[in-house]
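Residue numbers (full-length UniProt numbering): 1 to 199. Just so it is clear, CB atoms sit at the ideal spot from N, CA and C, and this is done for glycine as well. For clarity, every value in this text was computed on a predicted model and none was experimentally measured. Note sheet for the following structure.
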Amino acid sequence: MRRDLASSFATAASSSSAADALRGWWDDVNESPQCQDAAFFSLAAAYALVSAVALIQLVRIQRRVPEFGWTTQKVFHLMNFLVNGVRALVFGFHVHVFLLRAKVYKLVLLDLPGLLFFSTYTLLVLFWAEIYHQARSLPTDKLRPAYIAVNTIIYVVQVCIWIYLGINDNAVVELASKIFIVAVSFVALLGFSVYGGRR
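This is how it looks when you write it as structure tokens:
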């Protein structure tokens with residue numbers, strides 16, 4: 001019993017010192033400009049790669065079937081190119097983004113990719129919804145107007161928040177902007193839940 005208790009204390013002490021060492025390592029990394037730059041530039045490279053792949057796919061599809069015009073698939077790849085391209089630019093120029101004097105410009109650059117992401121993936125939900133409704137012989141005429149209306153409302157509300165922040169730089173409004181982006185992402189999640197899981 002004593003041996004087990006001593007072993008437990010030794011294990012607890014070693015795990016505590018390991019946790020302290022890990023915490024110290026993280027503080028060193030977190031405070032290191034070189035590590036932060038490496039992380040931001042790695043993210044920029046990853047997003048640029050995804051953006052390039054989306055652009056290549058868009059060009060391939062357009063060259064293969066140019067007669068179909070702008071299909072949902074082409075618009076999806078274009079929007080993926082834009083979303084990931086903007087994120088790559090924001091991460092690549094992070095030093096300049098974080099040094100912007102007006103906080104509203106920084107928030108526009110940081111929030112815009114999230115809004116574009118919402119539009120991109122609600123477009124995918126629209127595509128799934130159209131397929132689902134067609135398979136069930138349900139009308140699809142209200143789906144596209146709903147997509148456009150929801151996206152218009154989202155962008156108008158966010159632009160109003162940005163304008164208000166430009167006029168009155170306020171921590172409460174900045175928090176409201178962040179909560180709004182979270183709510184927008186949650187709406188996209190609901191769309192995926194409703195139409196992504198149906199058979």
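query, result
"Taking the alpha carbon of Trp-128 as the reference point, which residue from Ala-52, Val-83, Tyr-105 and Thr-72 has its own alpha carbon closest?", "Thr-72"
"Return helix, strand or coil for Lys-142, following the three-state DSSP convention.", "coil"
"Secondary structure at Trp-70, three-state DSSP: helix, strand or coil?", "coil"
"Would you kindly work out how many angstroms separate the C-alpha atoms of Asp-28 and Ser-17, rounded to a whole number?", "16 angstroms"
"Could you tell me if Leu-116 is buried or exposed, where buried requires 16 or more neighbouring beta carbons within 10 angstroms of its beta carbon?", "buried"
"Between Ala-46, Gly-69 and Val-194, which lies nearest to Tyr-132 when the distance is taken from Cα to Cα?", "Val-194"
"Using 8 angstroms as the cut-off, can you tell me whether the stretch 83–94 makes contact with the stretch 58–75, which would need three or more C-beta pairs spanning the two stretches below that distance?", "no"
"Any heavy atom of the ligand NAP inside 8 angstroms of the beta-carbon of Thr-71?", "As for the ligand NAP, it is missing from this structure, which has no ligand bound."
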